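Residue numbers (our numbering): 1 to 448.
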RNA sequence: GCCCCCAUCGUCUAGUGGACUAGGACGCGGCCCUUUCAAGGCCAAAACUCGGGUUCGAAUCCCGGUGGGGGCACCA
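The structure is reproduced here in structure tokens:
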């Protein structure tokens, strides 16, 4: 079976951990099966969609490595949507309604106080031509609802197993607004059929929608006389580390923000690919490796916790294993040489922190003198001439022999004097980079 | 309010009536190593949401409580 999936963000906001997880799973699934990944921009809402958001979404996806094989915007396909909705009207699948938003709201509140679910009562179906004419004469324009079958829709969800939606418990969905604008539902169904989407992979907030959409898709297939229903996979949503829903904090969880915070794309994909599955979360710099092990069988049904501190920790691990060549351009941009990178990477949690160590090693610092006698003695023992990777050991041995200090009492004052920091990279690696001249000055307590 | 889904170590989970003394990974703690921190190696601690029922036997099946998530838009 040919696999074709789509990720369909709406350019009304930014990409965040929640929707990126859906994008990633679509991508991993289709890559693991040699299929296609389509990026569809759901921009039917002209007022809220912006070009900036769309550009941001594309650049975030590219940054994450989620390349697409095909992309299009729904705003380019209105004529197709018109064609299908005309056919729906002919088949009485689409009916005009004249209630205002306030009237609908009042109806819902009334149902709720009676303990009933707020489902549309289909009053518009009983309207006579004369009544409709009267509304039109009043200046009202209709919005259009799709007439659901009121039967039970059933499908085998790849994650949830057999799933059932009773369409009698759902309102007939509004497909076209009073102003003639399409809501996302119909365009989405038409596109999924026209582009032969084989699998719809998304969050479980769409489970009820799937029931409705299956009915609409069936009608689209009839109109088009072609196409097939996709299979569905609805995954649970992420919750915060506090066990509460994520929606309120989404701003701080945007990909844009993470990128600004120095999180590597592979840290995000490594975590999001495995979180909520039976497989361990491990640093995986290669996203294709993630695709190889992707399997719906291993996905749990319960909401999974997304903890930012876990992402930060994973980011550090990825950095520790990152060879210079993989990020050479980014490092040279901040003036970090391969030598420097290899000396300090084991202590970084963000790449940008390399410049911090660059400043310590190459710039000037005020040394911290913890043991004046020891550091002054040490200053006189720094080997003359260029330092090598062996210099540190012989230097420390000499200091030990002449002062009697050992262990922490030996190391700690030297580190503080030479770097001004409590902890940091392996001294043997950074000692030659600091250089003998600077080391002598710092050990004697002067800025250098 | 109504409907749907879910519930195992701190976290993600394995587990489909006896093979469970409940397994793994991450994290946490301890030890070793490195003449400091980190990294690495080793070792430990740590869980079946509660109450009923079915059964010779329940983490596993059923009912109920509690808790969490989702849905019920002229948003997506």
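From the three backbone atoms N, C-alpha and C, an ideal C-beta is built for every residue, glycine too. Keep in mind the model is a prediction, meaning the values are calculated, not measured.
Runs of 4 residues minimum, wholly inside the segment 39-83: which ones carry the alpha helix (DSSP H) assignment? Here the runs fully enclosed are 51-64.
Drop a sphere of 10 angstroms on the beta-carbon of residue 189, count the other beta-carbons inside from all chains shown, and report buried for 16 or more, exposed for fewer. As a position in the first chain, residue 189 is number 189, starting the count at 1. Burial check for residue 189: the Cβ neighbour count within 10 Å reaches 16 or more, so the residue is buried.
Under 8 Å Cβ to Cβ from residue 117, same chain only, skipping five residues before and after it: list those, please. Numbered from its first residue, the first chain carries residue 117 at position 117. Taken in chain order, the residues that qualify are 111, 169.
Cutting at 6 Å between CB atoms, please list the residues of its own chain near residue 197, excluding the five before and the five after it. Along the first chain, one-based indexing puts residue 197 at 197. Hits under 6 Å: 4, 6, 230.
Where does residue 96 fall in DSSP's three states? The residue given as residue 96 occupies position 96 in the first chain. Under the three-state reduction of DSSP, residue 96 is assigned to strand.
At what residues does the alpha helix (DSSP H) containing residue 164 begin and finish? Sequence index remark: in the first chain, residue 164 carries index 164 (1-based). Run containing residue 164: none in the alpha helix (DSSP H); it sits in the beta strand (DSSP E), 161-166.
Assign residue 205 to buried or exposed, taking buried as 16 or more other Cβ atoms, counted over all protein chains shown, within 10 Å of its Cβ. To locate residue 205, count along the first chain from 1; it is residue 205. Looking at its Cβ environment, which holds fewer than 16 other Cβ atoms inside 10 Å, residue 205 is exposed.
Could you tell me which of 202, 410, 420 sits nearest to residue 357, measuring between CA atoms? Within the first chain, numbered from 1, the residue matching residue 357 stands at position 357. Nearest C-alpha to residue 357: 420.
Can you tell me where the alpha helix (DSSP H) with residue 451 in it begins and where it stops? In the structure as shown, the chain begins at 1 and stops at 448. Residue 451 is therefore absent and cannot be evaluated.
Assuming residue 206 is part of the beta strand (DSSP E), what are its boundary residues? If you number the first chain from 1, residue 206 lands on position 206. Premise fails: residue 206 is in no beta strand (DSSP E) and is neither H nor E.
Taking residue 414 as the reference, give the member of 390, 434, 371 with the closest Cα. The residue given as residue 414 occupies position 414 in the first chain. Looking only at 390, 434, 371, the smallest Cα-Cα distance to residue 414 is reached by 371.
Which whole-angstrom value is the C-beta distance of residue 381 and residue 399, which I expect to be below 8 Å? Here residue 381 refers to the residue found at position 381 when the first chain is read from its first residue. Here residue 399 refers to the residue found at position 399 when the first chain is read from its first residue. Contact holds; Cβ gap of about 6 Å.
Given 8 Å as the limit, is there contact between the segment 304-312 and the segment 235-246, that is, 3 or more CB pairs closer than that? Yes: the two stretches touch, three or more of their Cβ pairs being nearer than 8 Å.
Extent of the continuous beta strand (DSSP E) to which residue 150 belongs: Translated into positions along the first chain, residue 150 becomes position 150. The continuous stretches of beta strand (DSSP E) do not include residue 150, and DSSP gives it neither H nor E.
In whole angstroms, what is the alpha-carbon distance linking residue 234 and residue 128? In the first chain, counting from the first residue as 1, residue 234 sits at position 234. In the first chain, counting from the first residue as 1, residue 128 sits at position 128. If you take the alpha carbons of residue 234 and residue 128, they lie about 41 Å apart.
Does DSSP put residue 269 in a helix, a strand or coil? Locating residue 269 in the first chain gives position 269, where the first residue counts as 1. Correct three-state label for residue 269: helix.
Between the segment 291-306 and the segment 341-353, do at least 3 Cβ pairs fall closer than 8 Å? Because the criterion of three Cβ pairs below 8 Å is not met, the segment 291-306 and the segment 341-353 do not touch.
Give me the Cα-Cα distance between residue 167 and residue 119, rounded to the nearest whole angstrom. Position 167 of the first chain, counted from the start, is the residue given in the question as residue 167. Position 119 of the first chain, counted from the start, is the residue given in the question as residue 119. Using only the alpha carbons, I get a separation of about 10 Å.
Stretch-stretch touch, CB-based, cutoff 8 Å, three pairs: the segment 31-47 with the segment 67-78: Yes: the two stretches touch, three or more of their Cβ pairs being nearer than 8 Å.
Nearest neighbour of residue 164, chosen from 172, 154, 158 [CA to CA]: As a position in the first chain, residue 164 is number 164, starting the count at 1. Among 172, 154, 158, the Cα nearest to that of residue 164 belongs to 154.
Cβ-Cβ separation, residue 94 to residue 273 (assumed contact under 8 Å), whole Å: For the purposes of this step, residue 273 is identified with residue 273 of the first chain, where counting begins at 1. For the purposes of this step, residue 94 is identified with residue 94 of the first chain, where counting begins at 1. Actually they do not touch by this definition, with Cβ atoms about 41 Å apart.
Less than 8 Å between the beta carbons of residue 145 and residue 172, yes or no? Walking along the first chain from the start, residue 145 turns up at place 145. Walking along the first chain from the start, residue 172 turns up at place 172. Contact flag set, yes.
How is residue 507 classed by DSSP in three states: helix, strand or coil? As shown, the chain starts at 1 and ends at 448. That puts residue 507 outside it, with no answer to give.
Residue burial classification, residue 495 (beta-carbon count within 10 angstroms, cutoff 16): For residue 495 there is no data in the structure shown, the boundaries of the chain being 1 and 448.
Using 8 Å for Cβ pairs, my map puts residue 390 next to residue 255. What's the rounded Cβ distance? Start at 1 with the first residue of the first chain, and residue 390 comes out as number 390. Start at 1 with the first residue of the first chain, and residue 255 comes out as number 255. Contact between residue 390 and residue 255 does not hold, since the beta-carbon distance rounds to 45 Å and is not under 8 Å.
Could you tell me the alpha carbon to alpha carbon distance between residue 10 and residue 187, rounded to whole angstroms? Sequence index remark: in the first chain, residue 10 carries index 10 (1-based). Sequence index remark: in the first chain, residue 187 carries index 187 (1-based). Taking the Cα positions, residue 10 is about 12 Å away from residue 187.
Whole angstroms are fine: how far does the CA of residue 100 sit from the CA of residue 140? Position 140 of the first chain holds residue 140. Position 100 of the first chain holds residue 100. About 9 Å.
Over the uninterrupted beta strand (DSSP E) stretch that includes residue 5, give me the two end residues. Position 5 of the first chain, counted from the start, is the residue given in the question as residue 5. Where residue 5 is concerned, the enclosing beta strand (DSSP E) stretches over 4-7.
From which residue to which residue does the alpha helix (DSSP H) around residue 186 run? In the first chain, counting from the first residue as 1, residue 186 sits at position 186. Taken as a continuous stretch (DSSP letters only), the alpha helix (DSSP H) holding residue 186 covers 185-194.
Which residue from 78, 269, 431, 161 puts its Cα closest to that of residue 285? Counted from its first residue, the first chain places residue 285 at position 285. The option with the nearest alpha carbon to residue 285 is 269.
Have a look at residue 422 and residue 378 and give me their C-alpha separation to the nearest angstrom. For the purposes of this step, residue 422 is taken as the residue at position 422 of the first chain. For the purposes of this step, residue 378 is taken as the residue at position 378 of the first chain. A straight-line Cα-Cα distance of about 18 Å links residue 422 and residue 378.
How would you call residue 323, buried or exposed, if buried means at least 16 neighbouring beta carbons within 10 angstroms? Position 323 of the first chain holds residue 323. So residue 323 counts as exposed.
Starting from the C-beta of residue 19, find all residues in its chain whose C-beta is less than 7 Å away, skip the five residues before and the five after it, and write them out in chain order. On the first chain, residue 19 is found 19 positions in, with the first residue counted as 1. Once the five neighbours on either side are set aside, the close Cβ partners of residue 19 are 9.
Would you mind stating whether residue 177 and residue 143 have Cβ atoms separated by less than 8 Å? Within the first chain, numbered from 1, the residue matching residue 177 stands at position 177. Within the first chain, numbered from 1, the residue matching residue 143 stands at position 143. Contact flag set, yes.
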